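K.L.:
Under my numbering, the first residue of the sequence shown is numbered 1164, with each subsequent residue one higher.
Positions of the beta carbon are idealized from the N, C-alpha and C atoms, including for glycine.
A quick note: this is a predicted structure, and the numbers were derived from the prediction, not measured.
Can you read through this structure? Questions will come right after.
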Amino acid sequence: MISLMDKQKIIIDGFLGGKSQWGIHRETGIDRKTIRKYIREYEEKKSQLLKGEGDKLILTEEII
């Protein structure tokens, strides 16, 4: 199971840092499908937050 810290590292250090999914995979050893899933979840939550949909506090906590 992947820890919350690993998930944050994928999103913050990797994706937002401009690394490719393959690069994140090589660095962390985490499967690329899992990385893609986390990035997709992050993008969906961010989009909802920017559109003003849902509870902002809950969405912010889910992103972080």
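(1) Please state whether DSSP places Glu1190 in a helix, a strand or coil.
(2) Among Glu1190, Gln1211 and Trp1185, which has the Cα closest to the Cα of Arg1199?
(3) Looking only at C-alpha atoms, which of Ser1183, Gly1181, Ile1187 and Ile1193 sits nearest to Met1164?
(4) How should Ile1173 be labelled, buried or exposed, when 16 other C-beta atoms within 10 angstroms of its C-beta is the threshold for buried?
(5) Helix or strand or just coil, what does DSSP make of Gly1177?
P.N.:
In this structure, then:
(1) As a first step, residue 1190 is located in the sequence shown; it is residue number 27 there, counting from the start. If DSSP states are grouped into helix, strand and coil, Glu1190 belongs with the helices.
(2) Reading the sequence shown from its first residue, position 36 is the one you call residue 1199. Each of Glu1190, Gln1211 and Trp1185 was checked against the Cα of Arg1199, and the nearest Cα belongs to Trp1185.
(3) Working through the sequence shown from its first residue, we reach residue 1164 at position 1. The shortest C-alpha separation from Met1164 is found at Ile1193.
(4) On the sequence shown, residue 1173 is found 10 positions in, with the first residue counted as 1. Looking at its Cβ environment, which holds 16 or more other Cβ atoms inside 10 Å, Ile1173 is buried.
(5) Along the sequence shown, read from residue 1 onward, the residue named residue 1177 stands at position 14. Helix.
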